[in-house]
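Counting in full-length UniProt numbering, the sequence shown runs without a single skipped number right up to 201 at its last residue. Note that CB positions come from ideal geometry on N, CA and C, so glycine has one too. Quantities reported herein were computed from a predicted structural model and do not represent experimental measurements. Each remark here refers to the structure printed beneath this line.
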Amino acid sequence: MISSFLFIIFAVGIYGLVHSWLASIKVKQWALDWIGPSRFRWYRLAYNVFSFISLLPVLALAVVLPDRPIFNLPSPWSSVGVLLQLIGAGISIYASVQTGLGRLAGLSQLVEKADQSSESKLQTDGLYRFVRHPIYSGAILFLWASPQMSWNSLALKIAFTLYFIIGGQVEEKKLVTEFGDAYRLYRLRTPMIVPFTKKPE
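Laid out in structure tokens, this is it:
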């Protein structure tokens, strides 16, 4: 049981390292130089497809490895958990739409000209008024509001929560590079993942 728990956390860690490495500025710049601007438009879409496919065996570990249940909430608490999961999913979806679902999916890049440089806009309104990473906030709520829990699913929840937090910090380094003092100021006044946890300056 302990070996299954640790192996799942290790697998998610490897997945997160590869995922973050492929999203890094250095790797994307190397890919741009190697394949050229016209083919680089496909990078985000290919990255998303690879991320999804490589995630499947990680999730499968929670099914095939030895496991033991921790709890199964009875009604009506199970309904409350499902409702919170729906809210979490809605937060992540709405934040993705606000950010630009087409760009996140890698589809908008395909219709842009190869030499077109679209300026990114720093999102500070909507859900981004409350947290800097609402997509991660919604995902974490979805994970932990589940009315069932086993040791394998607990390992997934812990590992992906850590991944979202660490990944958010890595992402913020790129945002500071891109937006400079504007992002630093936004970071000072806005919580990272949990809303209403910043004391007013």
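(request) May I ask you to report which of helix, strand or coil DSSP gives Q169? (result) The residue given as residue 169 occupies position 169 in the sequence shown. Residue state, collapsed to three classes: helix.
(request) Using three-state DSSP, classify F71 as helix, strand or coil. (result) Residue numbering aside, residue 71 sits at position 71 when the sequence shown is read from its first letter. DSSP places F71 within a strand segment (E or B) once states are collapsed to three.
(request) Helix, strand or coil for S146, going by three-state DSSP, please let me know. (result) Numbered from 1 along the sequence shown, position 146 holds the residue referred to as residue 146. Of the three classes helix, strand and coil, the one that applies to S146 here is coil, per DSSP.
(request) With DSSP as the reference, label F160 as helix, strand or coil. (result) Along the sequence shown, one-based indexing puts residue 160 at 160. Three-state DSSP puts F160 in a helix.
(message) Please state whether the Cβ-Cβ distance between I91 and G168 is less than 9 Å.
(response) By 1-based counting over the sequence shown, the position of residue 91 is 91. By 1-based counting over the sequence shown, the position of residue 168 is 168. Contact: no.
(message) Buried or exposed, going by whether 16 or more other CB atoms sit within 10 Å of the CB of residue 209?
(response) With the chain running from 1 to 201 in the structure shown, residue 209 is simply not present.
(message) Which residue wins for smallest C-alpha separation from I140, given the options A159, R189 and F50?
(response) If you number the sequence shown from 1, residue 140 lands on position 140. Among A159, R189 and F50, the Cα nearest to that of I140 belongs to A159.
(request) Go ahead and pull the three-state DSSP assignment for P134. (result) For this step, residue 134 is matched to residue 134 along the sequence shown. Here DSSP, grouped into helix, strand and coil, assigns P134 to helix.
(message) Suppose contacts are defined by Cβ-Cβ distances below 9 Å. Is G102 in contact with N48 by that definition?
(response) Along the sequence shown, read from residue 1 onward, the residue named residue 102 stands at position 102. Along the sequence shown, read from residue 1 onward, the residue named residue 48 stands at position 48. No; because the gap between Cβ atoms is not below 9 Å, this pair is not in contact.
(message) Short of 7 Å in beta carbon distance, which residues of its chain neighbour P195, apart from the five on each side in sequence? Order them along the chain.
(response) Taking the sequence shown and counting its residues from 1, one reaches residue 195 at position 195. Hits under 7 Å: F130 and V131.
(request) Along the alpha helix (DSSP H) that carries S79, what are the first and last residues, could you check? (result) The sequence position of residue 79 within the sequence shown is 79, counting from 1. That run of the alpha helix (DSSP H) goes W77 to T99.
(request) Assign F40 to one of three DSSP states: helix, strand, or coil. (result) Here residue 40 is taken as the residue at index 40 of the sequence shown, counted from 1. DSSP places F40 in helix when its eight states are reduced to three.
(message) With distance defined between alpha-carbon atoms, name the residue in V170, H19, G180 and A89 nearest to R44.
(response) Along the sequence shown, one-based indexing puts residue 44 at 44. Ranking the options by Cα distance to R44, first place goes to H19.
(message) Buried or exposed for R41, going by 16 or more other Cβ atoms inside 10 Å?
(response) For the purposes of this step, residue 41 is taken as residue 41 along the sequence shown, with counting starting at 1. Residue burial annotation: R41 is buried, with at least 16 other C-beta atoms found within 10 angstroms of its C-beta.
(request) Would you tell me roughly how many angstroms separate the C-alpha atoms of L104 and P66, rounded to the nearest one? (result) For the purposes of this step, residue 104 is taken as residue 104 along the sequence shown, with counting starting at 1. For the purposes of this step, residue 66 is taken as residue 66 along the sequence shown, with counting starting at 1. Rounded to the nearest angstrom, the two C-alpha atoms are 36 Å apart.
(request) Could you pull out every residue in the same chain whose Cβ sits closer than 7 Å to the Cβ of W144, ignoring the five residues on either side in sequence? (result) Within the sequence shown, the letter at position 144 stands for residue 144. The residues K157, in chain order, have a CB closer than 7 Å to that of W144 in the same chain once the five nearest residues on each side in sequence are set aside.
(request) Reducing DSSP to helix, strand and coil, say where P57 ends up. (result) Walking along the sequence shown from the start, residue 57 turns up at place 57. DSSP places P57 in helix when its eight states are reduced to three.
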